[in-house]
Every structure is written in C-alpha cells, then in structure tokens.
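Novice:
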Amino acid sequence: MARAGRRPGPTNTPETILAAARGLFAERGFHGTTIRDVATQAGVNAALVHHYFGTKDRLFVAALNLPLNPAEAIERLVAAGPREEFAERFVRFFISVWRDPVTGQPLQAVLRSATSTEQGAAMVRNLVENVLLDRACSALGVPKLRVAVALSHLLGLVLGATIVRIEPLASATDDELVELIAPTIQRYLSP
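Residue numbers in the sequence shown follow my numbering, run continuously in steps of one, and reach 202 at the last position.
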C-alpha cells in the first residue's frame, strides 16, 4: 500500500504538473486533455492538480504562463455594460493589457513562441479555439467565425504595435487605436 503524504525527495510539484500539462495540451489540444491525463503524466493524483490549479481552464492559462485568465476577462467585459459598447471596452482592455509591462511582456513571449515553434502555435491555437472562442461566442451569441475574425484583427494589431513596432502604430495612443478599431470590431461582433 502506498504511503500518504509528500512524495520522497525534492519536488516542485506545480512545475511538474505544468510541464506535463504543456506537453499534453500541445499534443492533444485543450479538449483532448483531461485533468486525470495531466496527473498521470506528472505522476500525481488528480486531486493535487485541482489543489494547485482548480479548473482545467486555469491549468491551461497557467501552462501558457499568462498573467491573466482571458476567458474570465471576456465574461467580465461582457457583463460590464451595454452590448453595443462591448467592442470599445474590449479593444481598450486588449490594448492596455498588451501595453502594460506586467501583463504585456508575458503575452508578447507567448505570441513570439506561437510564431516560432509548433508547440507554441498549438498552445495559442488551443487557447483561441477552445477557450476564447467558446466563451466569447456563448457570452455574445455570435458565430465563431465572427469572433475569430475579431480576435485575428486584434492579434494583428498587437503584433504590429508591440512586437514588430510598426510606426505610427506603435506610438499611437490607446484612445486613437480604440477610435479606429472599435467600430470594426463591433461590426464583426454584431449578430
């Protein structure tokens, strides 16, 4: 019978779980990976995965090393005001998160990884297709294609403004960008 308690020897259980999760999410995708799969791969009990990360969504976000949970942020933005003003709130939030050094640097690292490695691309693709699109479509009642086009538009914006640093895009103010982009995003996200 196995002993209860800590595993023998030095361990970094959360990192072991995250390493297992990264590999499985990249290989199988979000829907093809279960908490139990991650626990088995990491050599721990599923309850321990839940203890450290709570839900599969939170484990996925942690595996990507994101500074915030984008699915929860979308839900908060939808609930924050009238639907016809959602795009303005969303674009302003999106730009501010990418420009903030605390949240922007990790997101830029994820985006750079997505454009340079298949594992990084798979992780970001899974985040967009299986977390963001599902939550946004459900919250807004819009088809996935419309949400995908809106997200692609915004990802192109941040790629140009924060990674490639195309001028005058990179030095434009948040207000200037919101004024230019929000009406188009609102059109994409209107039923």
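We put the CB at the ideal spot given by N, CA and C, even for glycine.
Between the C-alpha atoms of L188 and G92, what's the straight-line distance to the nearest angstrom?
Specialist: In the sequence shown, residue 188 corresponds to position 177, counting from 1. In the sequence shown, residue 92 corresponds to position 81, counting from 1. So the two alpha carbons sit approximately 20 Å from each other.
Novice: Can you tell me whether N56 is buried or exposed? The criterion is at least 16 other CB atoms within 10 Å of its CB, across all chains shown.
Specialist: As a working mapping, residue 56 is identified with position 45 in the sequence shown. Exposed is the call here.
Novice: Under 8 Å by Cβ, that's how I've got V108 and G115 pegged, so tell me the actual separation to the nearest angstrom.
Specialist: Position 97 of the sequence shown, counting from 1, holds the residue named residue 108. Position 104 of the sequence shown, counting from 1, holds the residue named residue 115. Correct: roughly 7 Å between the Cβ atoms.
Novice: Do we get a CB-CB distance below 8 Å when we pair E86 with the residues of chain B?
Specialist: No chain B is part of this structure, which consists of one protein chain only.
Novice: Got a sec, what are the start and stop residues for the alpha helix (DSSP H) N5 sits in?
Specialist: What the structure shows of the chain is the stretch from 12 to 202, and residue 5 is not part of that stretch, so it cannot be assessed.
Novice: With DSSP collapsed to three states, give me the class of N137.
Specialist: Locating residue 137 in the sequence shown gives position 126, counting from the first residue. Looking at N137 - three-state DSSP - the assignment turns out to be helix.
Novice: Name the two residues that bound the continuous alpha helix (DSSP H) containing V89.
Specialist: Here residue 89 refers to the residue found at position 78 when the sequence shown is read from its first residue. Start and end: 81 to 90.
Novice: In three-state DSSP terms, what is R176?
Specialist: The residue labelled residue 176 in the question sits at position 165 within the sequence shown. DSSP places R176 in the coil class of the three-state scheme, outside both helix and strand.
Novice: Please report the residue range of the alpha helix (DSSP H) in which G115 lies.
Specialist: Translated into the one-based positions of the sequence shown, residue 115 becomes position 104. That run of the alpha helix (DSSP H) goes 112 to 127.
Novice: Would N205 and F64 qualify as a contact pair, given that the criterion is a beta-carbon distance under 8 Å?
Specialist: The structure shown does not extend to residue 205, since the chain is modelled only from 12 through 202, so no value can be given for it.
Novice: Looking at C-alpha atoms only, which residue of L35, P78, G152 is the closest neighbour of E95?
Specialist: Against the sequence shown, residue 95 aligns to sequence position 84. For E95, the nearest C-alpha among the options comes from G152.
Novice: Report the CB separation of A50 from V60 in whole angstroms; it is logged as a contact under 8 Å.
Specialist: Along the sequence shown, read from residue 1 onward, the residue named residue 50 stands at position 39. Along the sequence shown, read from residue 1 onward, the residue named residue 60 stands at position 49. With a beta-carbon spacing of about 5 Å, A50 and V60 fall inside the 8 Å limit used to define contacts.
Novice: Use the C-beta contact count for L156: other C-beta atoms within 10 angstroms, 16 or more gives buried, fewer gives exposed.
Specialist: The count along the sequence shown starts at 1 and reaches residue 156 at position 145. When all chains shown are included, L156 counts as exposed.
Novice: Taking the alpha helix (DSSP H) that A73 falls in, what are its first and last residues?
Specialist: Numbered from its first residue, the sequence shown carries residue 73 at position 62. Segment 67 to 75, the alpha helix (DSSP H) holding A73.
Novice: Under a three-way DSSP split, which group does P194 fall into?
Specialist: Taking the first residue of the sequence shown as position 1, residue 194 is located at position 183. P194 falls in the helix class under three-state DSSP.
Novice: On the criterion of 16 or more Cβ atoms from any shown chain inside 10 Å, does T128 qualify as buried, or is it exposed?
Specialist: The residue you call residue 128 lines up with position 117 of the sequence shown. Exposed is the call here.
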